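Here is the structure we will look at, set down as structure tokens.
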Amino acid sequence: MFQREKSGPSNSAGEEKNSVNSNDGEISQAYLETRKIPRDMYSLEKRQKNKRTPEKLATLKRNIEQTLKRRRNGICNEIERNWFIQGAHLEKHRHNLQVTRELTARGLM
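With my numbering, letter number 31 in the sequence shown gets 32, and the count goes up by one each step, no holes.
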């Protein structure tokens with residue numbers, strides 16, 4: 002039947018690709034050559050900036066441990082507070098039951 006004509010230049014196997022977005026996902030060599038110097042300088046600068054020394058790693062580890070300790074302590078304190086409140090309520094009910102038993106034993110209730 003009718004075949005659709007392709008608009009724009011065709012990418013045949015012998016043609017060199019000059020665009021960043023190619024069909025096979027590769028970046029063309031010409032594009033890399035034009036971007037090589039700034040990209041390498043930036044990458045080196047970025048790597049040097051983000052390089053983790055043993056001191057930085059120790060500080061990071063210490064901060065993480067302190068944060069986890071604070072969170073654990075907060076959770077434990079909350080659980081203990083809830084247990085204390087529940088225990089206080091149970092103690093109150095136990096006391097009320099004991100008073101009720103004594104009053105019924107004496108015939109006052």
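Positions of the beta carbon are idealized from the N, C-alpha and C atoms, including for glycine. Here the structure is a predicted model, which means the values were calculated and not measured.
Distance between T68 and R82, taken at the CA atoms: about 21 Å. Taken through DSSP and simplified to helix, strand or coil, T54 comes out as coil. Judged by beta-carbon spacing, R71 lies beyond the 9 Å limit of L61, meaning their Cβ atoms are not closer than that value. Each residue's CA atom was taken as its position, placing I76 and R107 some 47 Å apart.
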